[in-house]
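*Asks:* Numbering (our numbering), first residue to last: 309 to 1216.
Quick one: structure below, then a few questions.
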């Protein structure tokens, strides 16, 4: 009798939720599902029922520790897709990256890791999944993700934060009780497109269905006993039903072992061998370890498969459930376990092809049988393999195993050819590459304590990298100290110069970044190296361009050179940034388009290419192409959920909200960011847009509080391109911060036409010394309609103050027309209200534009917004904006009042 019920019991609501998510994915929406339940809770059975008639790619995470392959579930997914399908869908240049997961894809060697290898691999996987889905929807199932290795977790996080564009539904199962991964699943579940399903225990009726399926009928007393003792856990119910009678063992472990002990002796021995292997073992490896020839080995395995203890997994066998494996493994005596580990190690050493990851498996099995010397050497070899596969988290695990074994192995250094400190340094570098400062920083500190200044420069550079991951600006202190200590002209000094100059550029310290970068280039060339020259050249060129205030010639020259894709995309991003800040918006969009194309071709669209997307939205906003900017924001935010990227995009979401007076608000966590710290290129524009938003809502106290906070930023003046627009927004907020605004403005240079326009506006707002005519002309030349409309409004107010009502009326009229065309409702209201207060309302009651005059005539005839839109060939949304502006200008509250006012004034 089998113990697995052919009848699927319960889980109706969960199946419905999975099918709803699948429907969303098929409709082109982003969707993903996390399925959580305790061990034995029915996760796999639920997913199998859901995917029964679906096109599914499946991979499972195994509890193998360092003995397993990195990215193991994704290697299984690729094998499931098939080599021929992958090769037909993937450009030849991308195959070597995917070969890290499936070596037989191509004979080409995977490229050396240039720092972007891991991200490029992630993009290749995402692109492949999208292309597979072009032939029909795909469900991507990753089982038991609580056992995922660090690299698999990183790849899953990437896929969840960058959901596939095609009809793909990722479904990930996990145990929520595992403390090590609980925060990770909570983080994934917070993403807006992710649904989390936590499976409850089966009800008594559902247990009855399960028991009926197993036994063909259900005795009420047996059902009550199974539910009471099994707690509604499907696996526990199976074990209880499989041990009928009064002598049923009490613990789950005993229940599971009772099933094992009833099997033939040879089957039990094979099960113990599989238990020592880990979660599973290949048929050939089991034959070598057990010494059983065919057909004896298959005869021994058959009862374990028939009784639902083992399942066939490719060309091998795995336990159907981890709890069964744990029970079998713990039932062995220490001597039995040690002997099996030795037999596995000897078999794999004789025939490495029997294992997917021979070096890693040897490290586990030699240590399992107490041969620490061989375990250390195998772990060292395996760490090298993981490094080549860009699986840096697993490389770190193995190096930590080497260090743990070090003191137990006499002459350990001679066995691997390196000393303990060199291994520690390699482990710290692996932690840096894995983005794991929690494990890397203690390693670096130990080495600094033990080695003094001998390796301090390189170690401080490494510590700075990890402090940067944590957003700690103490990284600059470490990098400056590293540069001072690396006084000798050698590779370590090049490294220190490269890292320091690159980070100084991020912090806006462009002059120092340029000087140190030039020294690094000269030294790298003098040493006959080229490892950092190209990155340093981009850093120097970007620093010389000084956010568009300086010379962009070098960036343009680098753009045309045959640079590696990652470096070229970085150069194009800087170039777009400089064009934006100088007001060359068409050139900025051209650089963005070129950079995005290069990033997509190189498999870097979701990493190095993301800053270009931010620049594109900014350019569209400044050009007044707000519908396009809003659409781009919506699409990007739906598909990219990385925190840093979202913060940058929230700046422009807030900008559009402030300008339009309507739309989605920024993420609350972004609004909670401190405004007196952080990178200037993020904090300053974010504060500027929040001030503008609060002013648009007539919440002047909140705007002033924001201005007061950001004006305390320690790097307020290092990048004038961000400081000037912020100062103008703060000046418009007014209040006690005005003297601080004037004081900062007095010592801040303004080198570009954009900065000069903001500078004149700040002077006019704080001192009344600059003519608004000059500001209007500046924005006119720059072809930026929204600040032009604002400057026209300010100039009209200045005309009123000077007694020139004719000029004021003309400027009000023009500003109102631009605001209406943009859909800038808050500005349109201010223009209308100010014109009315000044008594400049004409026949129409205010400076209506020509388009508004057309709309008001149709409004007076009782037309709806949709009918107005159809007649004037505009969108209903644009018609709605025109109607809102008309209500404000006529000083009425409803469409009916507007129609009456229009008729009274002869407008209709």
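Glycine residues also receive a C-beta, built at the ideal position from the N, C-alpha and C atoms.
When the Cα of residue 540 is compared with those of 507, 708, 711, which residue comes out closest?
*Replies:* Nearest option by C-alpha distance: 507.
*Asks:* So, does the stretch 875-888 touch the stretch 834-841, judging by three or more C-beta pairs under 8 Å?
*Replies:* Too few Cβ pairs lie closer than 8 Å, so no.
*Asks:* Grouping DSSP H, G and I as helix and E and B as strand, with all else coil, what is residue 471?
*Replies:* The answer is coil: DSSP assigns residue 471 none of H, G, I, E or B.
*Asks:* When we look at the beta-carbon of residue 1037 and count the other beta-carbons within 10 Å, is it buried (16 or more) or exposed?
*Replies:* Buried is the call here.
*Asks:* Within 10 Å of its beta-carbon, does residue 573 have 16 or more other beta-carbons around it, so buried, or fewer, so exposed?
*Replies:* So residue 573 ends up on the exposed side.
*Asks:* Tell me, which residues are paired with residue 866 by DSSP?
*Replies:* In the DSSP output, where bridge partners are listed per residue, residue 866 has none listed.
*Asks:* Among residues of its own chain, excluding the 5 on either side of residue 1240, which ones have a beta-carbon nearer than 7 Å to its beta-carbon?
*Replies:* This structure does not reach residue 1240, given that the chain is present from 309 up to 1216, and the question cannot be answered.
*Asks:* Is the stretch 1086-1106 close to the stretch 923-943, with three or more CB pairs under 8 Å?
*Replies:* Short answer: they touch.
*Asks:* To test your reading of the DSSP string, which unbroken alpha helix (DSSP H) runs of 4 or more residues are found completely within the stretch 975-1059?
*Replies:* Those alpha helix (DSSP H) runs which fall completely within the stretch 975-1059 and span 4+ residues are 976-979, 988-1004, 1008-1018, 1028-1041, 1046-1054.
*Asks:* Could you please give me the residues that DSSP links to residue 450 through a beta bridge?
*Replies:* Residue 450 is bridged to 367, 480.
*Asks:* Distance check for residue 712 and residue 775, CA to CA, integer angstroms please.
*Replies:* Roughly 25 Å separates the two Cα atoms.
*Asks:* Please report how far the alpha carbon of residue 863 lies from the alpha carbon of residue 882, in whole angstroms.
*Replies:* C-alpha separation (whole angstroms): 8 Å.
*Asks:* For residue 506, list the residues DSSP reports as bridge partners.
*Replies:* BP columns for residue 506 point to 344.
*Asks:* Taking contact to mean 3 or more Cβ pairs, one atom from each stretch, closer than 8 Å, check whether the stretch 962-979 and the stretch 1126-1142 are in contact.
*Replies:* Contact holds: three or more Cβ-Cβ distances are below 8 Å.
*Asks:* Output the boundary residues of the alpha helix (DSSP H) element that contains residue 1189.
*Replies:* Unbroken alpha helix (DSSP H) run through residue 1189: 1184-1198.
*Asks:* If distances are taken between C-alpha atoms only, which option among 479, 562, 856 comes closest to residue 503?
*Replies:* Of the listed residues, the one whose Cα sits closest to residue 503 is 479.
*Asks:* Label residue 1153 either buried or exposed according to how many other C-beta atoms from any shown protein chain fall within 10 Å of its C-beta, with 16 as the threshold for buried.
*Replies:* Legend: pLDDT at residue 1153 = 45, less than 50; position of this residue unreliable, no value from coordinates given.
*Asks:* Near residue 1150, which residues of its chain fall below 6 Å by C-beta distance, leaving aside the five closest residues on each side in sequence?
*Replies:* In this prediction, residue 1150 has a pLDDT of 44, which is less than 50 and means its spatial position is unreliable; nothing more can be read from the coordinates.
*Asks:* Do you know whose CA, among 327, 315, 338, 331, lies nearest residue 947's CA?
*Replies:* Among 327, 315, 338, 331, the Cα nearest to that of residue 947 belongs to 338.
*Asks:* Which stretch, first to last residue, makes up the alpha helix (DSSP H) that contains residue 354?
*Replies:* First-last of the alpha helix (DSSP H) with residue 354: 351-358.
*Asks:* Please return the same chain residues whose Cβ sits closer than 6 Å to the Cβ of residue 1203, not counting the five positions on each side in sequence.
*Replies:* Contacts found: none.
*Asks:* Identify, in the order they occur along the chain, each residue of the same chain with its Cβ nearer than 8 Å to the Cβ of residue 729, setting aside the five sequence neighbours on each side.
*Replies:* The residues are 755, 758, 759, 763.
*Asks:* Look up residue 1151 in the DSSP assignment and say whether it is helix, strand or coil.
*Replies:* Caution applies to residue 1151, whose pLDDT of 41 falls short of 50 and renders its modelled position unreliable; the value that the coordinates give is listed next. Residue 1151: coil per DSSP, three-state reduction.
*Asks:* Count the other CB atoms within 10 Å of the CB of residue 320; is the residue buried (16 or more) or exposed (fewer)?
*Replies:* Residue 320 should be labelled exposed.
*Asks:* Could you spell out the range, first to last residue, of the beta strand (DSSP E) harbouring residue 590?
*Replies:* That run of the beta strand (DSSP E) goes 588-590.
*Asks:* Locate the alpha helix (DSSP H) running through residue 545, then write down its first and last residues.
*Replies:* Per DSSP, residue 545 belongs to the alpha helix (DSSP H) from 542-549.
*Asks:* Relative to the C-alpha of residue 1116, which candidate in 461, 1127, 1130, 1146 has its C-alpha closest?
*Replies:* With distances taken between Cα atoms, residue 1116 lies closest to 1146.
*Asks:* Is it buried or exposed for residue 779, if we count other Cβ within 10 angstroms and need 16 for buried?
*Replies:* Looking at its Cβ environment, which holds fewer than 16 other Cβ atoms inside 10 Å, residue 779 is exposed.
*Asks:* Starting from the N-terminal side, write out each stretch of the beta strand (DSSP E) that is 3 residues or longer and does not extend beyond the stretch 613-663.
*Replies:* Fully enclosed beta strand (DSSP E) runs of 3 or longer: 618-621, 624-627.
*Asks:* For residue 922, count neighbouring Cβ atoms within 10 angstroms of its own Cβ and tell me buried if that reaches 16, exposed if not.
*Replies:* The residue is buried, with at least 16 neighbouring Cβ atoms inside 10 Å.
*Asks:* Taking C-beta to C-beta, are residue 731 and residue 891 nearer than 9 Å?
*Replies:* Their beta carbons are not under 9 Å apart, which means residue 731 does not touch residue 891 by this criterion.
*Asks:* What are the boundary residues of the alpha helix (DSSP H) that includes residue 394?
*Replies:* Segment 391-397, the alpha helix (DSSP H) holding residue 394.
*Asks:* With a Cβ-Cβ cutoff of 9 Å, do residue 693 and residue 722 count as a contact?
*Replies:* No.
*Asks:* In whole angstroms, give me the CA-to-CA distance for residue 631 and residue 715.
*Replies:* C-alpha separation (whole angstroms): 34 Å.
*Asks:* Can you tell me the Cα-Cα spacing of residue 466 and residue 406, whole angstroms?
*Replies:* Rounded to the nearest angstrom, the two C-alpha atoms are 16 Å apart.
*Asks:* For residue 556, name the three-state secondary structure that DSSP assigns.
*Replies:* With a pLDDT of 40 at residue 556, under the threshold of 50, the modelled position of that residue is not reliable, and the figure given next carries that caveat. Three-state DSSP puts residue 556 in coil, outside helix and strand.
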